[in-house]
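The structure appears right after this line, and notes come after that.
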Amino acid sequence: MRRADRTVSMTLRGSRRDSDAVLLNFGHKEHLFKFLVIGDYGVGKTALVRRYTEGKFSSNYKITIGADFAIKTLDWDPHTKINLQLWDIAGHERFGYMTRVYYKYAVAAALVFDISRAATFQSMKKWLNDLREKVTLPDGSSIPVVLLANKCDISVAVTDEQISKFCRENKIHAWYATSAKNNTNVDAAIRYLVEKVLSAKIDNDIHDSIRLQHKSLSSREKSICCK
Ligand SMILES: Nc1nc2c(ncn2[C@@H]2O[C@H](COP(=O)(O)OP(=O)(O)O)[C@@H](O)[C@H]2O)c(=O)[nH]1
Ligand SMILES: [Mg+2]
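For what it's worth, the UniProt record's numbering labels the leading residue of the sequence shown as 1, then goes sequentially.
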């Protein structure tokens, strides 16, 4: 195991403990969702995560090594609080795939390409296959995915038709033209994923694990399983 992987797995164990703290008090629900942000190097993953979590854009980011996550808390409705962890690949893009540890416990993913560079769109298939091969929900279905055509503020090298066709062929139900720079559709895309996760009641098992305190770790581990 490489050093970066070890770091990720330690962080994940920590995050799992956080999710164990999900509360069901007087009808108030607090969720912890792990979302993945995946795609080639330079497409704007970090910029999107920063835009969403910090409301900032900068054209100069340091390359982060390993995988990193940023957290944002949403007061979704008066009874529901959502702690979103956005996992940003950093430095692993060159391999075109991620380790199973990175995918573990994820409940949704944003696949990102740079709309001004067609090659990054061609890579989407590979990223999607990697994702679907490595993470499924307890019922065996795929986690919700949204496709982001980022940098829509600059020149376009991929058409809407090509993107829609790709989505149809690969059972992706939504895509957005985004700009981390201009803050276009970033909130909308994440909101779409949150809605999907909530409506699919994907974290039901986490709630069960709180209610049924005796439930063993090994059975909980299977709640979102990595094959
Ligand atoms: N014009 C424009 N540039 C962007 C956008 N998002 C990211 N960038 C730039 O693209 C470069 C790569 O972004 P980064 O977030 O580091 O990509 P990552 O490797 O996928 O994390 C940086 O110079 C960003 O400033 C965007 O929406 N519009
Ligand atoms: Mg990055």
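Every residue gets a Cβ at the ideal spot worked out from N, C-alpha and C, and that includes glycine.
Model, not experiment: these values are computed from the prediction.
Candidates the options: which alpha carbon is nearest residue i's?
i, options, result
"residue 49", "75, 162, 111", "111"
"residue 142", "51, 55, 200, 82", "200"
"residue 40", "145, 115, 162", "115"
"residue 173", "165, 179, 37", "165"
"residue 179", "28, 52, 30, 38", "52"
"residue 29", "68, 55, 74, 37", "74"
"residue 154", "190, 177, 123, 162", "177"
Apply the 10 Å Cβ neighbour rule to residue i and answer buried if 16 or more other Cβ atoms are within range, or exposed otherwise.
i, result
"residue 21", "In this predicted model, residue 21 has a pLDDT of only 43, less than 50, meaning its place in the structure is not dependable enough to derive any value."
"residue 204", "Its pLDDT being 46, under 50, residue 204 is placed unreliably in this model, and the value from its coordinates should be taken loosely. Its Cβ having fewer than 16 others within 10 Å, residue 204 is exposed."
"residue 46", "buried"
"residue 217", "Its pLDDT being 34, under 50, residue 217 is placed unreliably by the model, and the measurement read from it follows with that caveat. Its Cβ having fewer than 16 others within 10 Å, residue 217 is exposed."
"residue 10", "Low confidence applies to residue 10: its pLDDT is 30, below 50, so where it sits in the model is not reliable enough to give any reading."
"residue 32", "buried"
"residue 129", "exposed"
"residue 144", "buried"
"residue 186", "buried"
CB of residue i to nearest heavy atom of ligand 1: below 8 Å?
i, result
"residue 47", "yes"
"residue 150", "yes"
"residue 112", "yes"
"residue 154", "yes"
"residue 42", "yes"
"residue 58", "yes"
"residue 180", "yes"
"residue 39", "yes"
For ligand 2, is there a heavy atom less than 8 Å away from the beta-carbon of residue i?
i, result
"residue 89", "yes"
Alpha helix (DSSP H) containing residue i: first to last residue?
i, result
"residue 129", "124-134"
"residue 48", "45-54"
"residue 160", "160-169"
"residue 190", "186-199"
Starting from residue i and walking both ways along the beta strand (DSSP E), at which residues does that stretch end?
i, result
"residue 148", "145-150"
Using a Cβ-Cβ distance under 9 Å, would residue i count as near chain C?
i, result
"residue 130", "Judged by its chain identifiers, the structure shown contains no chain C, having just a single protein chain."
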